[in-house]
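Enquirer:
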């Protein structure tokens with residue numbers, strides 16, 4: 001089953017230092033028009049070629065005079081000056097001829113006739129004159145070497161007659177997607193295909209870092225074909241990225257190809273994710289093998305490819321802004337690796353709370369949803385809950401401060417609300433994680449979240465939500481924002497091919513079920529129904545298969561992967577599936593009373609009361625919004 | 001002399017609100033390829049079209065099995081599985097066929113032969129399987145409306161089969177430079193010409209704000225020609241900028257042209273600089289008249305054009321990061337205007353010190369040198385020295401923290417040092433202001449600066465610098481970093497046409513002199529010499545004309561504007577001028593002793609001791625660097 005290759009385990013710093021010491025990269029320079037140079041980095045100091053202004057000019061609208069001729073003028077003793085003899089009219093910026101040495105402002109003139117004026121005060125030499133070189137002096141430094149050119153620098157350079165400027169050239173970065181399973185976006189997908197999105201993302205990242213990405217065609221897992229593509233890219237580009245095949249599996253050819261064409265310096269770095277990175281060189285060009293898993297790829301792009309590009313263009317190393325936050329959950333970590341943990345941040349009360357993104361967050365979506373990265377050093381087994389940690393920010397601090405954190409039960413309407421908060425370019429954001437109703441209650445208790453959507457039936461009273469809050473959240477004053485009533489039921493394929501009529505049928509017909517995760521209100525509802533029917537979970541095929549959202553359940557049924565699952569009406573209709581109603585339930589928003597005063601929460605309530613929201617609910621179907629936005633104090 | 005037009009005096013907020021209420025701007029949308037969408041802003045919510053993965057796949061390298069067949073396997077009871085009967089081999093990411101429901105990792109297999117393996121533990125259903133939709137679920141929200149697309153969003157969108165995305169279109173912003181005096185960069189310059197750099201800077205700014213700049217040809221100050229150009233631009237573009245002619249002078253046609261073609265809503269806002277802005281509309285396109293003075297133009301671009309472009313593309317209003325700082329000098333301000341004051345910042349000791357840029361800083365160069373902007377509200381007469389103020393940052397806070405502030409006497413070698421600090425992409429910066437030696441001493445006393453270059457002769461002892469420091473800086477321990485010895489003398493045109501031999505000749509031959517500003521060591525040296533010769537300043541023609549640097553003095557002579565000035569040898573040679581030596585002097589760096597421990601100061605001392613620095617001094621000529629970098633404690 002293939003040969004096992006052991007990867008090295010360099011520390012990240014050591015790996016970068018070793019790699020940079022081996023690379024023979026030469027920064028390339030180019031001369032470009034100054035007017036197109038914004039964002040480029042100077043490769044030499046820029047000195048002004050002329051003075052600006054390069055002549056004495058008027059600083060005012062008025063008349064240019066010889067100051068000596070104005071001596072003695074005062075309120076009692078007006079002096080008459082004659083045009084073209086004693087003065088000429090000048091506007092701001094007009095040059096001052098040699099015979100004049102001062103300007104009198106138009107406001108200080110009394111018109112006598114077309115050709116003469118009276119003045120009632122004298123001017124000092126050089127008064128109201130902008131002297132030559134006032135702005136920029138010939139031969140003076142405008143910007144130093146290694147300076148990133150801004151629009152204002154362009155002003156000064158062109159004013160100083162520097163019309164061309166030598167800058168570091170952007171590197172062309174070749175991107176080679178490899179993998180027999182890869183297909184282009186837009187292809188007709190068949191089972192086993194993977195859409196090649198990494199290479200597109202790399203191209204956008206390369207641009208962000210200051211390079212120019214050049215995508216090559218997808219190469220199948222074929223040693224010779226990969227070799228040909230790497231050769232071509234190394235000839236045509238300044239830096240080459242190969243994705244993926246960087247691991248040590250059966251069809252991981254990247255390292256061997258680089259080794260044959262050039263040199264592999266490092267294969268394996270003690271980081272997680274991202275360990276199987278390859279740092280090599282072909283034809284004196286850096287060639288980097290990047291793992292295929294999107295989060296690993298992201299870590300390698302940020303921590304290896306970015307510094308290489310920055311070095312190439314003379315850019316200072318990028319530093320993420322960071323923020324101190326309180327960790328809401330213990331983070332486990334391996335002693336062997338430096339770990340990068342995706343974090344959700346929220347300003348809950350007066351503290352920034354950092355919550356590691358759960359497994360349920362997916363891969364690419366976890367990067368979309370992450371607000372920051374927690375770096376856990378090697379040789380640390382984990383970081384305790386409630387520790388203060390430093391989080392590298394992936395979003396604006398202001399956005400984080402204005403984000404409502406929403407952790408709890410899932411409903412597609414949460415997405416609708418998140419969008420409605422933004423649709424007018426609003427100042428507030430909604431960021432949600434789906435961990436089920438009980439998870440939401442725990443997140444509230446832990447101060448991880450502002451709001452928790454829940455739908456928890458009290459079996460004794462037949463009422464929803466209130467008793468759970470009372471039971472689990474102690475004495476702190478709480479409120480419930482009424483949201484929607486919705487219908488739960490069995491989601492089945494279109495046409496209900498197994499003719500399911502009740503939960504009992506799932507067991508009796510030995511159907512493949514898909515369940516929700518522990519703590520989800522919908523799972524509790526299923527368990528409650530099983531108990532009532534005296535059915536053991538073991539009798540349900542697929543009871544162990546856990547999904548995190550109604551849509552995930554519906555997708556598993558829609559794809560023919562399962563026969564049925566419990567979920568809400570809107571999830572079934574969104575996926576074009578059929579639905580057997582079981583019960584109505586109340587899906588509400590639990591919140592600490594004090595948070596009701598937050599501007600963002602007021603906006604949230606406005607939205608769920610709005611016609612726009614109700615329109616969207618009607619489109620989805622299966623919702624009753626008659627109480628939306630009402631508040632119950634607990 | 002032309003008709004006086006009175007400008008309005010709207011407050012900045014009111015002006016913007018009124019203007020936005022009048023504009024009929026429609027955000028334009030376009031559909032673009034997702035892979036090219038980074039940096040664009042979504043005009044609608046983006047929902048995933050498919051699940052990703054869209055099939056169950058292996059999370060490990062290993063074998064796919066039916067979990068039921070593994071039941072009962074343990075260390076004592078191995079179970080043998082046969083390929084293609086009980087399992088198939090899968091790599092990470094491979095799809096799992098329907099008949100299997102779990103994966104056993106390759107590490108947990110014992111090879112029996114080519115076609116069979118032994119297992120010693122069972123697997124649970126769905127173990128090591130990445131379920132369909134684990135990353136993204138069909139129909140779930142990827143990013144909301146009004147979201148600026150990042151590379152990671154591109155990953156998720158393409159993975160979700162969203163290959164095209166609707167975004168706000170960048171506006172095309174027409175830029176019309178007007179002015180009879182304007183010439184293109186690279187033209188043969190004659191007195192009165194002004195190089196058109198504003199329009200180039202606008203183009204770079206428009207790009208930074210998110211638009212596409214389109215420069216039109218320079219239009220002379222001719223009403224009809226300006227009208228034609230504005231008409232054309234309003235037809236072809238989404239927004240039009242006219243520069244300049246926005247004021248109320250004789251040849252300021254902009255407002256009249258806009259009024260004829262469309263509507264002027266506002267002409268004049270209570271801000272300084274930037275008051276004579278025009279906010280109008282032609283063919284339903286925003287048309288803005290921007291003043292010509294570069295600093296005014298900058299204020300208008302940042303405060304009016306930026307919000308208009310942001311609004312067009314759905315971008316959130318840009319907020320400069322700001323920082324609290326201690327004002328080192330009183331800022332005077334008019335009650336009539338909201339003022340924008342350019343500020344130099346420095347971390348001196350543990351405080352960030354804000355020093356308003358002096359008049360000598362020039363116009364475009366003051367924007368290049370500014371670290372931030374202090375906004376002084378209307379209805380305030382000024383802000384007292386030592387007040388805590390909020391400064392909007394124009395540079396990275398880290399750059400400011402790593403910048404040596406250098407205020408004092410000018411020498412071209414300060415530019416050389418500033419560049420040498422950057423030439424290897426170093427972490428430290430040097431930012432200088434030229435206020436003369438005494439100005440430097442006062443800046444030290446005021447805690448405005450880290451270092452002060454000075455050259456002050458003690459007339460009694462004939463020694464330089466030390467006695468001044470003792471006299472003016474009280475008891476705080478000081479040091480002097482020895483820098484260079486240099487030659488002062490009379491700078492005269494090439495060939496010394498007036499045959500100057502001594503300072504006395506300046507009076508005797510009635511030559512046009514150019515002086516340095518009050519507090520400059522070179523001015524003190526001149527005064528000292530005049531006194532020795534019993535010459536009154538009144539006898540020197542041009543004594544009142546003050547320049548801030550040696551290069552400015554040399555430039556005034558080089559351009560034939562003056563006959564002579566006092567300055568250093570290197571300034572004369574840089575401008576190709578002749579030089580009559582007067583004396584040698586010691587140009588040293590005064591510093592508080594405690595700052596010698598700063599890493600940036602250590603780097604500064606390394607540089608002035610370096611061969612590279614000495615090479616540059618030899619190129620300039622007239623410097624003795626035998627003691628460069630030596631430290632004298634005072």
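Protein chains in written order, with UniProt numbering: chain U, 1 to 634; chain Z, 1 to 634. No residue lacks a Cβ here, since even glycine has one placed at the ideal position from N, Cα and C. Please read all numbers here as calculations on a predicted model, not as lab measurements.
1) Leaving out the 5 sequence neighbours to the left and right, which residues in its chain are closer than 7 Å to residue 521 of chain Z when beta-carbon positions are compared?
2) In chain order, what are the residue ranges of uninterrupted alpha helix (DSSP H) at least 4 long that sit wholly in the segment 456-506 of chain Z?
3) State the DSSP-derived secondary structure class of residue 571 of chain U, mapped to helix, strand or coil.
4) Which residues of the segment 136-155 of chain U have a Cβ closer than 9 Å to any Cβ of chain Z? Give them in chain order.
5) Can you grab the Cα-Cα spacing for the pair residue 401 of chain U / residue 142 of chain Z, in whole Å?
6) Nearest CA to the CA of residue 49 of chain U: which residue from U/17, U/98, U/116, U/139?
7) Using the Cα positions of residue 368 of chain U and residue 146 of chain Z, report the straight-line distance between them to the nearest angstrom.
8) Counting only Cβ-Cβ distances shorter than 8 Å, please list the residues of the segment 116-129 of chain U near chain Z, keeping chain order.
9) At least one CB of chain Z closer than 8 Å to the CB of residue 185 of chain U: is that the case?
10) Let's test the definition: count the other Cβ atoms within 10 Å of the Cβ of residue 3 of chain Z and tell me whether it reaches 16, buried, or not, exposed.
11) What is the C-beta distance between residue 167 of chain U and residue 46 of chain U, in whole angstroms, given that I count them as a contact (C-beta under 8 Å)?
12) In terms of residues, what are the limits of the alpha helix (DSSP H) holding residue 198 of chain Z?
13) Given a cut-off of 8 Å, decide if residue 230 of chain Z and residue 242 of chain Z are closer than it, judged by their beta-carbon atoms.
14) If residue 591 of chain Z and residue 479 of chain Z are in contact, beta carbons under 8 Å, what's the gap, nearest whole angstrom?
15) Pick out whichever of U/527, U/407, U/622 has its Cα sitting closest to the Cα of residue 573 of chain U.
16) Scan the segment 59-82 of chain U for residues whose Cβ lies nearer than 8 Å to a Cβ of chain Z and list them as they occur along the chain.
17) Among the residues of its own chain, which have a CB less than 6 Å from the CB of residue 62 of chain U, if the five just before and after it don't count?
18) Considering only C-alpha positions, which residue in the set Z/122, Z/586, Z/96, Z/41 is nearest to residue 31 of chain Z?
19) Can you name the residues that DSSP bridges to residue 62 of chain Z?
20) Quick one: using the 10 Å Cβ neighbour count with 16 as the cut-off for buried, is residue 545 of chain Z buried or exposed?
21) Flag residue 112 of chain U as yes if its beta-carbon sits less than 8 Å from any beta-carbon of chain Z, otherwise no.
22) So, for residue 69 of chain U: in the same chain, excluding its five sequence neighbours on each side, which residues have a beta-carbon less than 8 Å away from its beta-carbon?
23) Note down, in chain order, every chain U residue with its Cβ under 8 Å from the Cβ of residue 56 of chain Z.
24) With 7 Å as the C-beta to C-beta threshold (strictly closer), list the residues of the segment 416-427 of chain U near chain Z in chain order.
25) Is it buried or exposed for residue 493 of chain U, if we count other Cβ within 10 angstroms and need 16 for buried?
26) What residues of chain Z sit near residue 25 of chain U, judged by a beta carbon separation below 7 Å?
27) Among U/204, U/189, U/185, which has the Cα closest to the Cα of residue 196 of chain U?
28) Would you call the segment 458-472 of chain Z in contact with the segment 494-508 of chain Z, where contact means no fewer than 3 C-beta pairs closer than 8 Å?
29) Using a C-beta to C-beta distance shorter than 8 Å, which residues of chain U count as neighbours of residue 544 of chain Z?
30) Name the chain U residues whose beta carbon is nearer than 9 Å to that of residue 51 of chain Z?
31) Just list the residues that DSSP pairs residue 44 of chain U with in beta bridges.
32) Is the segment 369-388 of chain Z touching the segment 319-338 of chain Z in the sense that three or more CB pairs, one from each, lie closer than 8 Å?
33) Return yes when the Cβ of residue 313 of chain U is within less than 8 Å of the Cβ of residue 170 of chain U, no when it is not.
34) Identify whether residue 1 of chain U lies in helix, strand or coil by the three-state DSSP scheme.
35) Of all Cβ atoms in chain U, is any one closer than 8 Å to the Cβ of residue 189 of chain Z?
36) Taking C-beta to C-beta, are residue 155 of chain Z and residue 177 of chain U nearer than 8 Å?
Expert: The relevant details are as follows:
1) Correct list, in chain order: 409, 436, 437, 454, 455, 456.
2) When DSSP assignments are scanned along the segment 456-506 of chain Z, the uninterrupted stretches of alpha helix (DSSP H) that are 4 or more residues long and fall wholly within it turn out to be 466-472.
3) Looking at residue 571 of chain U - three-state DSSP - the assignment turns out to be helix.
4) Those residues of the segment 136-155 of chain U that come within reach of chain Z (Cβ to Cβ, closer than 9 Å) are 136, 137, 138, 139, 140, 141, 142, 143, 144, 145, 146, 147, 149, 150, 151, 152, 153, 154, 155.
5) Cα to Cα, residue 401 of chain U sits roughly 21 Å from residue 142 of chain Z.
6) Nearest to residue 49 of chain U by C-alpha distance, out of U/17, U/98, U/116, U/139, is U/139.
7) For residue 368 of chain U and residue 146 of chain Z, the gap between their C-alpha atoms comes out near 15 Å.
8) Look at the segment 116-129 of chain U: the residues with a C-beta under 8 Å from a C-beta of chain Z are 124, 125, 126.
9) A Cβ of chain Z is located within less than 8 Å of the beta carbon of residue 185 of chain U.
10) The pLDDT assigned to residue 3 of chain Z is 47, lower than 50, so where the model puts this residue is not dependable; a value taken from the coordinates is nonetheless given after this. Burial call: exposed.
11) The C-beta distance from residue 167 of chain U to residue 46 of chain U rounds to 10 Å, too long to fall under 8 Å, and the pair is not in contact.
12) Annotation for residue 198 of chain Z: the continuous alpha helix (DSSP H) segment containing it runs 198-209.
13) Yes.
14) Sure, about 5 Å apart at Cβ, within 8 Å.
15) Looking only at U/527, U/407, U/622, the smallest Cα-Cα distance to residue 573 of chain U is reached by U/622.
16) Those residues of the segment 59-82 of chain U that come within reach of chain Z (Cβ to Cβ, closer than 8 Å) are 61.
17) Counting only Cβ-Cβ distances below 6 Å, and skipping sequence neighbours, we find 103, 104, 105, 106.
18) Nearest C-alpha to residue 31 of chain Z: Z/41.
19) Its beta-bridge partners are Z/90, Z/105.
20) Residue 545 of chain Z is buried by the Cβ-count criterion.
21) No, because no Cβ of chain Z sits closer than 8 Å to the Cβ of residue 112 of chain U.
22) 79, 81, 86.
23) Within 8 Å of the CB of residue 56 of chain Z, the CB atoms of chain U belong to 561, in sequence order along the chain.
24) Residues are counted here when their Cβ sits less than 7 Å from a Cβ of chain Z; for the segment 416-427 of chain U these are 418, 419, 422, 423, 425, given in chain order.
25) Under this definition residue 493 of chain U is a buried residue.
26) What residue 25 of chain U touches in chain Z, judged by beta-carbon distance under 7 Å, is nothing: the nearest beta carbon there is about 14 Å away.
27) By alpha-carbon distance to residue 196 of chain U, the top candidate from U/204, U/189, U/185 is U/185.
28) The segment 458-472 of chain Z vs the segment 494-508 of chain Z: no contact.
29) Result: 124, 125, 126.
30) Going along chain U in sequence order, the residues near residue 51 of chain Z (Cβ under 9 Å) are 551, 552, 555, 556, 558, 559.
31) According to DSSP, residue pairing for residue 44 of chain U in a beta bridge does not occur.
32) Touching, per the Cβ criterion.
33) Yes, the Cβ-Cβ distance between residue 170 of chain U and residue 313 of chain U is below 8 Å.
34) For residue 1 of chain U, the predicted model reports a pLDDT of 39, less than 50, meaning its position is unreliable and no value from the coordinates is stated.
35) Closer than 8 Å to some Cβ of chain U, the Cβ of residue 189 of chain Z qualifies, so yes.
36) The Cβ-Cβ distance between residue 155 of chain Z and residue 177 of chain U does not fall below 8 Å.
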